[in-house]
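Here's the structure, in structure tokens; my notes come after.
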Amino acid sequence: MGQCYKSGDFYKYFKENMDALGMPAPDSLFNSFTAAVSTVSTITSALNTLGSGATMAEIVGATTGLEALMVIGSIGASIYAGAAAGSIAVATGRSLGCGSRIADMFAFTEENNLQFPGWKSFYLHNPQIFDTRNPHRYSFAVMAKASSARFGYA
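To convert, note that position 76 of the sequence shown is 75 in numbering that gives the first Met the number 0; the numbers rise steadily by one, no gaps.
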């Protein structure tokens with residue numbers, strides 16, 4: 000595997016992917032691979048406790064250090080966790096491996112213990128999270144804000 004990484008590329012690619020999905024990506028929570036995995040792990044752990052229907056506001060209220068995400072309080076936490084974990088995979092694939100596939104995403108999610116209820120269905124139904132050519136990419140946040148029920152499998 001060729002190395003494409005330059006110092007600082009991870010957050011650049013992570014933020015680029017999250018921006019394309021219309022989701023916030025505070026650098027205080029996602030500025031490195033380690034910080035990003037830790038943040039998503041915190042969210043998925045809380046999701047596993049609170050249940051798949053929990054909102055980001057509920058997750059922020061039940062944890063510490065995620066206050067920067069209160070701006071998206073009404074969005075389903077599994078939706079945000081899925082977008083963030085997918086963006087970590089994209090950023091990792093772009094900065095270290097020059098690209099990523101869905102199989103890489105599934106392996107990455109399991110290796111880093113970032114599973115949440117319905118995560119496999121979530122990624123199968125939302126390839127726009129890591130497919131930069133997907134025409135529905137820019138409507139992801141609009142759909143998430145308008146109807147969390149649309150993501151009922153997560």
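Quick reminder that beta carbons are idealized off the backbone N, C-alpha and C, glycines included.
Ignore the nearest five residues each way along the sequence and tell me which others in residue i's own chain have a CB closer than 6 Å to its CB.
i	result
Ile-58	Ile-42, Ala-45, Ala-76
Arg-93	Tyr-12
Leu-65	Val-59
Once the 5 residues before and after residue i are set aside, which same chain residues still bring their CB inside 7 Å of it?
i	result
Thr-54	Gly-72, Ser-73, Ile-74, Gly-75, Ala-76
Ser-27	Ala-67
Ala-140	Leu-20, Gly-21, Met-22
Phe-29	Tyr-10, Phe-13, Ala-35, Thr-38
Using the C-alpha atoms, what's the distance from residue j back to residue i?
i	j	result
Pro-23	Asn-16	10 Å
Phe-13	Gly-117	23 Å
Ser-79	Glu-109	Checking the sequence shown, residue 79 turns out to be Tyr, not Ser. Rounded to whole angstroms, Tyr-79 to Glu-109 spans 17 Å at the Cα level.
Lys-119	Asp-103	13 Å
Asn-47	Thr-91	25 Å
Gln-114	Ala-61	19 Å
Ala-145	Ser-138	10 Å
Val-70	Ala-56	9 Å
Phe-121	Ala-82	9 Å
Report the partner residues of residue i according to the DSSP bridge assignment.
i	result
Gly-75	Thr-54
Under a three-way DSSP split, which group does residue i fall into?
i	result
Asp-26	helix
Phe-115	coil
Ser-37	helix
Leu-129	For the sequence presented, residue 129 should be read as Phe rather than Leu. Coil.
Thr-62	coil
Gly-21	coil
Spatial neighbours of residue i within its chain, please: C-beta separation below 8 Å, excluding the five flanking residues on both sides.
i	result
Ala-88	Ser-99, Asp-103, Met-104, Phe-107, Thr-108, Phe-129
Does the ligand SAH have a heavy atom nearer than 7 Å to the CB of residue i?
i	result
Thr-41	No copy of the ligand SAH appears in this structure; indeed no ligand is present at all.
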